[in-house]
Amino acid sequence: MRYPFPVGRSDFIQGDEAIARAAILAGCRFYAGYPITPASEIFEAMALYMPLVDGVSIQMEDELASMAAIIGASWAGAKAMTATSGPGFSLMQENLGYAVMTETPVVVVDVQRGGPSTGQPTLAAQGDIMQAIWGTHGDHSLIVLSPSTVQEAFDLTIRAFNLAEKYRTPVVLLTDAEIAHMRERVYIPRPEEIELIERKLPRNEEEARLPFGDPHGDGVPPMPIFGRGYRTYVTGLTHDEYGHPKTVDAEVHERLIRRIIGKIENNKADIITYDSYELDDAEIAIISTGIVSRSAIRAVKILRERGVKAGLLKLNTIWPFDFDMIEELAERVRKIYVPEMNLGQLYHLVREGANGKAEVELIAKIGGEVHTPMEIVERVVG
Amino acid sequence: MYLKSAYDIREKYLRKDMLPTIFCPGCGIGSALQYTLRAIDDLGLNQDEIVWVSGIGCSSRVPGFVNFDGLHTTHGRALAFATGMKLANPNLKIIAFMGDGDAAAIGGNHFIHAIRRNLDVTVILINNFTYGMTGGQVAPTALKGLKGTTAPYGQFENPFDIADLAVSAGANYVARWSVFNYLQGINSIKKALQKEGFTLVEFLSPCPVSFGRRNRMKTAPELLRWYQKITVPLAKAKKMKPEELEGKIVIGEFADRDRPGLVREYEAYKKRAKKMMGWEE
Numbered sequence: 001m002r003y004p005f006p007v008g009r010s011d012f013i014q015g016d017e018a019i020a021r022a023a024i025l026a027g028c029r030f031y032a033g034y035p036i037t038p039a040s041e042i043f044e045a046m047a048l049y050m051p052l053v054d055g056v057s058i059q060m061e062d063e064l065a066s067m068a069a070i071i072g073a074s075w076a077g078a079k080a081m082t083a084t085s086g087p088g089f090s091l092m093q094e095n096l097g098y099a100v101m102t103e104t105p106v107v108v109v110d111v112q113r114g115g116p117s118t119g120q121p122t123l124a125a126q127g128d129i130m131q132a133i134w135g136t137h138g139d140h141s142l143i144v145l146s147p148s149t150v151q152e153a154f155d156l157t158i159r160a161f162n163l164a165e166k167y168r169t170p171v172v173l174l175t176d177a178e179i180a181h182m183r184e185r186v187y188i189p190r191p192e193e194i195e196l197i198e199r200k201l202p203r204n205e206e207e208a209r210l211p212f213g214d215p216h217g218d219g220v221p222p223m224p225i226f227g228r229g230y231r232t233y234v235t236g237l238t239h240d241e242y243g244h245p246k247t248v249d250a251e252v253h254e255r256l257i258r259r260i261i262g263k264i265e266n267n268k269a270d271i272i273t274y275d276s277y278e279l280d281d282a283e284i285a286i287i288s289t290g291i292v293s294r295s296a297i298r299a300v301k302i303l304r305e306r307g308v309k310a311g312l313l314k315l316n317t318i319w320p321f322d323f324d325m326i327e328e329l330a331e332r333v334r335k336i337y338v339p340e341m342n343l344g345q346l347y348h349l350v351r352e353g354a355n356g357k358a359e360v361e362l363i364a365k366i367g368g369e370v371h372t373p374m375e376i377v378e379r380v381v382g
Numbered sequence: 001m002y003l004k005s006a007y008d009i010r011e012k013y014l015r016k017d018m019l020p021t022i023f024c025p026g027c028g029i030g031s032a033l034q035y036t037l038r039a040i041d042d043l044g045l046n047q048d049e050i051v052w053v054s055g056i057g058c059s060s061r062v063p064g065f066v067n068f069d070g071l072h073t074t075h076g077r078a079l080a081f082a083t084g085m086k087l088a089n090p091n092l093k094i095i096a097f098m099g100d101g102d103a104a105a106i107g108g109n110h111f112i113h114a115i116r117r118n119l120d121v122t123v124i125l126i127n128n129f130t131y132g133m134t135g136g137q138v139a140p141t142a143l144k145g146l147k148g149t150t151a152p153y154g155q156f157e158n159p160f161d162i163a164d165l166a167v168s169a170g171a172n173y174v175a176r177w178s179v180f181n182y183l184q185g186i187n188s189i190k191k192a193l194q195k196e197g198f199t200l201v202e203f204l205s206p207c208p209v210s211f212g213r214r215n216r217m218k219t220a221p222e223l224l225r226w227y228q229k230i231t232v233p234l235a236k237a238k239k240m241k242p243e244e245l246e247g248k249i250v251i252g253e254f255a256d257r258d259r260p261g262l263v264r265e266y267e268a269y270k271k272r273a274k275k276m277m278g279w280e281e
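Here it is, written out as structure tokens:
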């Protein structure tokens with residue numbers, strides 16, 4: 001396999017470019033998108049690469065269509081991705097819910113910008129955390145990942161595809177304008193250095209007849225790809241294990257939705273990753289995600305120099321959320337600070353996790369600039 | 001044409017465990033479905049290579065009743081899903097079963113852009129001038145004066161002529177019939193299924209329960225008689241004055257051309273890309 005970019009060495013590239021290259025290496029062969037700042041460079045890179053690796057890149061008429069097209073491509077057997085920013089992500093919510101309901105593996109990149117509405121197209125924000133987790137309607141669960149460096153944007157894109165395939169679910173890669181447009185050194189591995197996970201296919205007719213069953217007991221049904229003779233019917237309506245609509249049967253609905261949520265919740269240990277810095281003896285914990293973590297690491301260093309026992313918990317997975325781990329941490333520390341580029345979204349989750357065991361304080365910043373380390377330090381030392 | 005018994009068609013192509021259908025007495029969707037299945041049967045197409053895709057509404061429940069791969073999607077977006085399916089696996093033959101509201105209102109943008117791209121798909125479009133499943137609201141195809149629950153005093157907006165729209169947007173094959181014209185209907189679907197690019201067969205289809213009874217046509221026969229009255233064959237329409245065509249619907253074949261389909265265009269694009277990058281001669 002020939003790649004349209006160098007592999008097995010480092011390169012100095014933007015976050016958006018890193019995401020595109022990672023997707024190609026993860027096996028993505030269908031990209032559908034609609035231009036939007038600051039996510040367009042992902043599309044532009046995909047447009048350049050896809051025809052060369054015998055994949056498809058297509059500019060759809062809008063974000064609703066982009067999201068629809070990648071779901072269609074996934075059922076036709078392709079690993080598929082789209083990328084957008086806040087306003088476009090809002091338009092995708094309808095079909096994102098469809099992907100949850102039909103258990104379709106797809107990757108959706110949301111490069112966050114200032115909102116609401118068209119807001120600040122070129123400036124970073126973290127205002128889509130709640131939208132990524134709860135944006136679509138109804139009871140549901142999916143996976144949301146959050147990188148803080150360009151290298152992480154690359155690595156988490158590959159992980160996003162792996163998790164999507166493993167759990168037959170949409171995965172949202174939630175990044176922001178800062179990482180999207182920042183250039184950093186990224187190691188682009190050779191394909192043989194990457195571990196890829198492929199979706200489970202039905203092993204026999206019996207399994208193929210139950211495209212929404214649970215033959216393996218892990219909550220993840222094998223996916224019968226279209227065109228392979230299984231004659232599968234897929235609907236966004238509440239359906240039984242065979243895929244037949246059962247829209248007024250409470251028991252069927254409960255069984256389906258609880259399994260879809262369960263396959264994520266029961267595998268938290270596998271899905272959730274985080275990094276911790278200086279947390280072992282910490283009295284003050286900072287919890288952050290994405291670009292803000294860069295300032296938070298520096299803030300921890302400054303605080304330590306000043307004799308404050310501070311530590312950082314950097315969340316790489318935003319959903320599912322490890323409420324228990326936060327509570328455990330809250331029992332050990334005096335206070336938790338949550339710096340984030342919105343008026344308190346991660347804060348809600350952390351406060352719920354802390355469960356009153358420690359005081360939780362929000363360090364909010366909006367307008368497009370990342371917190372400086374000193375802004376965090378000053379809040380902590382008062 | 002020799003017609004197989006409806007029983008044979010049903011045995012071969014319907015999912016018995018999904019029957020009965022949700023369709024009301026007098027509904028025309030079953031007829032359009034039967035014509036489509038007869039066309040598939042006559043052409044001897046491979047059942048495992050055909051995928052049915054649909055949006056939301058009565059007609060969109062059809063993929064659930066046929067024993068093929070099927071994707072029942074969100075309202076109006078069937079053709080956007082189909083774009084992904086077809087490009088990801090060009091070996092799939094895609095039939096989109098849609099309603100008039102699904103295609104021309106909420107899905108209007110997807111509809112015109114799928115046609116502009118010449119997406120390789122055959123659309124069977126059920127036009128009953130109404131939103132049947134949600135209780136008879138007015139559709140963008142409803143002729144002026146027709147009543148719906150959201151236009152209780154008669155539609156005041158101009159209707160879309162879907163076939164006309166499809167011809168202008170660039171479809172390779174466009175035909176419109178009422179479900180009354182069964183031979184023409186089957187023949188048109190056969191033609192449509194054999195062509196590359198975007199093909200559309202629109203059917204005027206009775207909906208006595210949601211549409212008819214609000215417009216003084218409580219039964220399917222009354223609606224069929226009304227279709228006979230308001231439809232004008234294309235050849236005859238060409239000789240008629242615009243004022244004579246007011247309130248009429250022209251039926252027939254409106255386009256039959258062979259522009260390259262999206263799949264062929266993309267294959268050529270891939271070759272061009274590799275050549276431009278020096279990957280291939």
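As you go down the protein sequences, you meet chains A and B in turn. full-length UniProt numbering applies: residue 1 is where the first sequence begins, and numbers increase by one. full-length UniProt numbering applies: residue 1 is where the second sequence begins, and numbers increase by one. Backbone N, C-alpha and C define an ideal beta-carbon position, used for all residues, glycine too.
- Interface annotation, LEU64 (chain A): in contact with chain B, CB-CB separation under 9 Å.
- By DSSP's assignment, PHE180 (chain B) forms no beta bridge with any residue.
- In the three-state reduction of the DSSP assignment, SER54 (chain B) falls in the strand class, which pools E and B.
- For secondary structure counted as the alpha helix (DSSP H) over 4 or more consecutive residues, the stretch 133 to 217 of chain A holds these complete runs in sequence order: 150 to 167, 177 to 181, 205 to 208.
- DSSP places ASN109 (chain B) inside the alpha helix (DSSP H), whose first and last residues are 108 to 117.
- Note: GLU253 (chain B) is bridge-paired with B:ALA175 in the DSSP secondary-structure output.
- When the Cα atoms are used, ALA175 (chain B) and GLU44 (chain A) turn out to be separated by approximately 38 Å.
- Burial state of ARG334 (chain A) is exposed, judged by a 10 Å Cβ sphere holding fewer than 16 other Cβ atoms.
- Annotated as proximal: VAL220 (chain A) and LYS200 (chain A), with beta-carbon spacing under 9 Å.
- Per DSSP, the continuous alpha helix (DSSP H) segment holding LEU346 (chain A) begins and ends at 346 to 354.
- Counted as a single uninterrupted DSSP element, the alpha helix (DSSP H) harbouring LYS238 (chain B) occupies residues 234 to 238.
- The DSSP-derived three-state label of LYS263 (chain A) is helix.
- Assignment of PRO224 (chain A) by DSSP, reduced to helix, strand and coil, places it in the coil class.
- Between ALA180 (chain A) and GLU41 (chain A), the gap from beta carbon to beta carbon is short of 9 Å.
- As computed with DSSP, THR74 (chain B) is found in no beta bridge at all.
- About 4 Å separates the beta carbons of PRO51 (chain A) and LYS270 (chain B), which is inside the 8 Å limit, making them a contact pair.
- Using a CB distance cut-off of 9 Å, THR235 (chain A) counts as an interface residue toward chain B.
- Proximity of the stretch 173 to 189 of chain A to the stretch 258 to 278 of chain A falls short of the contact definition, fewer than three beta-carbon pairs being nearer than 8 Å.
- By the beta-carbon neighbour count (other beta carbons within 10 angstroms, threshold 16), PHE156 (chain B) is exposed.
- In the assembly as shown, LEU312 (chain A) is a buried residue. Its beta-carbon has 16 or more other beta-carbons within 10 Å.
- From the beta-carbon of PHE226 (chain A), the residues of chain B found nearer than 8 Å are VAL51, ASP69, LEU71, MET85, ASN89, LEU92.
- Taken in chain order, the members of the stretch 104 to 115 of chain B whose beta-carbon sits within less than 7 Å of a beta-carbon on chain A are ASN109, HIS110, HIS113.
- Rounded to the nearest angstrom, the gap between the Cα atoms of LEU163 (chain A) and ALA6 (chain B) is 47 Å.
- Going by C-alpha positions, ASN95 (chain A) is about 15 Å away from TYR34 (chain A).
- Counted as a single uninterrupted DSSP element, the beta strand (DSSP E) harbouring LYS314 (chain A) occupies residues 310 to 315.
- Looking from the CA of GLU340 (chain A), the closest CA among A:ILE376, A:MET325, A:LYS357 belongs to A:ILE376.
- Considering only beta carbons, the part of the stretch 90 to 110 of chain A lying closer than 9 Å to chain B consists of GLU94, ASN95, GLY97, TYR98, THR102, in chain order.
- In the structure shown, PRO339 (chain A) adopts extended strand secondary structure according to DSSP, grouped into three states.
- Cβ proximity to chain A below 8 Å picks out ASP17, MET18 from the stretch 17 to 31 of chain B.
- A buried status is given to GLY88 (chain A), since no fewer than 16 other beta-carbon atoms sit within 10 Å of its beta-carbon.
- The alpha-carbon of GLY229 (chain A) is positioned some 8 Å away from that of ASP69 (chain B).
- Under the Cβ criterion (8 Å, minimum of three pairs), the stretch 77 to 91 of chain A counts as touching the stretch 24 to 33 of chain A.
- GLU361 (chain A) is bridged by DSSP to A:TYR337.
- Counting C-beta pairs with one atom in each stretch, the stretch 26 to 43 of chain B and the stretch 177 to 196 of chain B have three or more that are closer than 8 Å, which means they touch.
- Residues of the stretch 34 to 54 of chain A whose Cβ lies closer than 8 Å to any Cβ of chain B, in chain order: PRO51, LEU52, ASP54.
- Taking one beta carbon from each stretch, the stretch 99 to 111 of chain B and the stretch 71 to 80 of chain B have 3 or more pairs nearer than 8 Å; the two touch.
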